[in-house]
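Number of protein chains: 2
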Amino acid sequence: MPATSTRERLVTEAMRLFGEQGYSATSIVQIEAAAGLAPGSGALYHHFKSKQALLDAGIDRQLDRRHAMRDIRALFAGLGDLHAELTMLGRYLLSVLDDESQLLRIAARIPAHQSARLTDARAALFDGLYAELADWITGWAPDLKPETAATLGALGVDALHGRRAAGTAFATPQPGTADEHYLTEWTATLASRIESLRHGDGQ
Amino acid sequence: MPATSTRERLVTEAMRLFGEQGYSATSIVQIEAAAGLAPGSGALYHHFKSKQALLDAGIDRQLDRRHAMRDIRALFAGLGDLHAELTMLGRYLLSVLDDESQLLRIAARIPAHQSARLTDARAALFDGLYAELADWITGWAPDLKPETAATLGALGVDALHGRRAAGTAFATPQPGTADEHYLTEWTATLASRIESLRHGDGQ
DNA sequence: GTCTATACTAAGATAGAC
DNA sequence: GTCTATCTTAGTATAGAC
């Protein structure tokens, strides 16, 4: 990490501290200190108009990263095996949730009305993940009612998110020990439901 | 609601405001005003030593309520039909999450280290719900490895929690329109998995 | 761009009259 | 137990020297 700009360091440290302590509980002084500036000097304000503007910059940076990661999903289409593809899809969904865990942690702690940008970023993430799983399910059970596929997609993503939400309260990304067990059961459960829907179609 | 004590009103209003705005974003002045005391008077401090003590009292009150609700689960044991029992169990789990939504909302917004009592209350709730679903599953598939039952129990509860977590960011308890669809799919998915585990036992 | 110093505001908590 | 008034601390943000 050679020669990052002060502005960049401020965003990085601010988002880290927001994630650990919450937005309002993190002071400008702390952020300045963490970024290597003199704590208490208003040096931060030469880069950002306000604390809110700093948060907005952090959100935008995360959104940029999110866009840069698009179209990875195509990588594991076409294995031809429902169970194998679903396993990879589950792993992928979990990794996305981990990439976004900082933003999710911050969003979870801020009252919804306080930052529309943050609320929107969170909603867009989940809408995307719901749709991703639902689309994949539809590919394997084309005659499924769109509503059923959407609900099952939401259920699958919600389960993974719920799994992370407990650890999301803490700052540490959580050990992956039991992750594999969970993911195995997740795959088996969804696969079982999808299989039964493929035969009893129209549902 | 006749003649509630000032102390009781303070706890009620404080927990409501903590849930809506977060703990640190809610001021003593606001709480006093909401409870019908003169805003800015230290009148609150005749009932509670500090803001933290007020939160603790709110948590304890919720824990008391939780204990008072125990042993309802026995009500829907013994219908004899897996699908029917699971539907009722799902509805019950959702209702518990709704009863606890205020506390969960508050807990989600407070850094974990700031209130061990709150973190513990949250963990105890989920441990209880995980075990409740896992036990029921074990009743229908006795030969299941305890670990598998536990994982599937966690998955089921996590899915319901994830479903509520989106709405949990907001203060409103969320309309129940799509709840039935979700619960129907939840039941079908878990039932499908349990059925398959009953036959391919030992797993 | 970063520093020292400080203005301004709001919060948690206390003292003492009634 | 509740009030008015106030102490103390901490946070956001700004001004001006370097």
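Chains as they are written, first to last, in my numbering: chain X, 1 to 203; chain F, 1 to 203.
Don't be surprised by glycine CBs; every beta carbon is placed ideally from N, CA and C.
request  = Please state if the CB of F/R163 and the CB of X/D127 are separated by a distance shorter than 7 Å.
outcome  = no
key: Within-7 Å CB hit, X/P146 to chain F   = no
message = Measuring straight from C-alpha to C-alpha, what distance separates X/R214 and X/V11?
response = Only positions 1 to 203 of chain X appear in this structure, which leaves residue 214 of chain X out of reach.
message = Contact criterion: CB-CB distance below 7 Å. Does F/A116 meet it with respect to chain X?
response = no
request  = Please classify X/A14: is it buried, with 16 or more other beta-carbons within 10 angstroms of its beta-carbon, or exposed?
outcome  = buried
request  = Could you work out which residue in F/R198, F/A57, F/A107 is closest to F/Y23 when comparing CA atoms only?
outcome  = F/A107
ask   = Quick one: is X/E147 buried, meaning 16 or more other Cβ sit within 10 Å of its Cβ, or exposed?
value = exposed
message = Please state whether the Cβ-Cβ distance between X/A35 and X/R9 is less than 7 Å.
response = yes
message = Suppose you measure from the CA of X/T138 to the CA of X/L86; what does that come to, to the nearest Å?
response = 13 Å
ask   = Buried or exposed: which applies to F/E32, given that a residue is buried once 16 or more other Cβ atoms fall within 10 Å of its Cβ?
value = buried
Distance CB(X/L155)-CB(F/E185) smaller than 7 Å = yes
query = Mind checking X/S95: buried by the 16 CB within 10 Å criterion, or exposed?
reply = exposed
query = Tell me which same chain residues have a C-beta within less than 8 Å of the C-beta of X/E195, skipping the five on either side of it?
reply = L82
key: Residue of F/G200, F/A191, F/R198 minimising C-alpha distance to F/L89   = F/A191
ask   = By the criterion of Cβ-Cβ separation under 7 Å, what are the contact partners of F/T151 in chain X?
value = H181, Y182, E185
query = What does a CB cutoff of less than 7 Å around X/R109 pick up in its chain, not counting 5 residues either side in sequence?
reply = G22, Y23
query = Which of the three DSSP states, helix, strand or coil, is assigned to F/S101?
reply = helix
inquiry  = DSSP three-state label for X/D120, please.
reply    = helix
message = Check whether chain F comes within 7 Å of X/S221, counting only Cβ atoms and requiring the distance to be less than that.
response = This structure leaves residue 221 of chain X out entirely; chain X is present only between 1 and 203.
request  = Would you check whether the ligand FAD has a heavy atom nearer than 6 Å to the C-beta of F/L86?
outcome  = The ligand FAD is not part of the structure shown, which contains no ligands of any sort.
ask   = To the nearest angstrom, how far is it from the Cα of F/H161 to the Cα of F/L129?
value = 11 Å
message = Against chain X, does F/R91 count as a neighbour if the rule is that its beta carbon must be under 7 Å from one of theirs?
response = no
request  = Please decide whether F/A108 counts as near chain X, where near means a Cβ-Cβ distance under 7 Å.
outcome  = yes
message = Taking beta-carbon pairs under 7 Å, can you tell me which members of the region 21-45 of chain F lie near chain X?
response = Q21, G22, S24, A25
query = Cβ of X/A124 less than 7 Å from any chain F Cβ?
reply = no
request  = Please decide whether F/D98 counts as near chain X, where near means a Cβ-Cβ distance under 7 Å.
outcome  = no
message = Once DSSP output is grouped into helix, strand and coil, what is the label at X/F48?
response = coil
Opening and closing residue of the alpha helix (DSSP H) in which F/T6 lies = 6-21
task = Give a yes or no on whether the minimum CB-CB distance between F/A159 and chain X is below 7 Å.
result = yes
ask   = How many Å lie between F/Q30 and X/H67 at the Cα?
value = 41 Å
ask   = Applying the criterion that 16 or more other CB atoms from any shown protein chain within 10 Å of the CB defines a buried residue, is F/P142 buried or exposed?
value = exposed
Residues near F/A57 in its chain [Cβ-Cβ closer than 6 Å; skip 5 each side] = V11
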